[in-house]
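Under the working numbering, the first residue of the sequence shown carries the number 1, and numbering increases by one thereafter.
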Amino acid sequence: MESIVFAISLDDSAAQRSLNEARVLLEEIPELLERGDVSGAAHNLAEASRLMNEAFKSLKFRAEEKNDGSEEALSL
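Pasting the structure below:
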């Protein structure tokens with residue numbers, strides 16, 4: 001997952017923060033499962049999924065903004 005965070009070329013620190021938080025939550029899951037805390041692992045997984053979705057939406061919005069600017073410049 002770490003490579004995903006650093007591969008982001010758009011400057012979106014909110015998305016990077018969300019992905020970093022998701023990574024931490026995902027890294028905690030094996031330890032939670034070793035302790036038998038299936039509920040905690042499920043919670044971490046759900047929260048990580050929410051954070052990754054949030055990052056995706058943010059990056060998609062930023063990419064669309066950049067594309068809109070490019071298309072506008074081309075149509076002039």
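Ideal Cβ positions, reconstructed from N, Cα and C, are used throughout, including at glycine.
- [ ] Find out if the Cβ-Cβ distance for the pair leucine 45, leucine 19 is shorter than 9 Å.
- [x] Taking the first residue of the sequence shown as 1, we reach residue 45 at position 45. Taking the first residue of the sequence shown as 1, we reach residue 19 at position 19. Judged by their CB atoms, leucine 45 and leucine 19 are not nearer to each other than the 9 Å cut-off.
Task: Outcome for alanine 63 when other beta-carbon atoms lying within 10 angstroms are tallied against a minimum of 16 - done: In the sequence shown, counting from the first residue as 1, residue 63 sits at position 63. Alanine 63 is exposed by the Cβ-count criterion.
Open item on the list: My output table needs one value for glycine 36: the three-state DSSP class, helix, strand or coil.
Closed with: Translated into positions along the sequence shown, residue 36 becomes position 36. The answer is coil: DSSP assigns glycine 36 none of H, G, I, E or B.
TODO: Please determine, among Lys60, Asp68, Glu54 and Leu59, the residue with the shortest C-alpha to C-alpha distance to alanine 22.
DONE: For the purposes of this step, residue 22 is taken as the residue at position 22 of the sequence shown. Alanine 22 has its Cα closest to that of Glu54, out of Lys60, Asp68, Glu54 and Leu59.
Task: Simplified DSSP state of alanine 14, which is helix, strand or coil - done: What you label residue 14 is simply residue 14 of the sequence shown in a count that begins at 1. Correct three-state label for alanine 14: helix.
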